[in-house]
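Everything on this sheet refers to the single structure shown next.
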Amino acid sequence: MANLKIIIIDEIGKMECFSQKFKDFLWNLLSKPNPLLGSISLKGNKFIKKIKHLPEVRLVEVSKE
14 MANLKIIIID EIGKMECFSQ KFKDFLWNLL SKPNPLLGSI SLKGNKFIKK IKHLPEVRLV
74 EVSKE
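Every position in the sequence shown, counted from 1, becomes a number in our numbering once 13 is added.
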């Protein structure tokens with residue numbers, strides 16, 4: 014576990030989901046043992062919903078409050 018690197022992705026949103034290359038890349042990352050920290054759109058298409066419903070995904074909503 015000491016050699017694992019944290020992967021950071023700044024935004025998985027509507028525009029990013031237009032790129033099949035990005036979606037394939039992200040799906041590949043999600044299959045790795047590396048922890049991934051990212052921001053994801055509150056609302057989204059099927060792909061975003063699929064990511065949010067993965068059992069290993071923990072969502073934390075960040076707001077101004």
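Each residue gets a CB set at the ideal place from its N, CA and C atoms; glycine is no exception.
Status (buried if at least 16 other CB within 10 Å, exposed otherwise) for residue i
i     : result
Ile25 : buried
Ile64 : buried
Leu72 : exposed
Rounded straight-line distance, which links the Cα of residue j to that of residue i
i     : j     : result
Phe60 : Glu78 : 28 Å
Asn41 : Lys34 : 11 Å
Asp37 : Val75 : 27 Å
Proximity below 8 Å, CB of residue i to CB of residue j
i     : j     : result
Cys30 : Asn58 : yes
Ser52 : Asp23 : yes
Ile20 : Leu49 : yes
Enumerate, from N- to C-terminal direction, the unbroken beta strand (DSSP E) stretches of 3 or more residues contained entirely within the region 17-75. 20-25, 49-53
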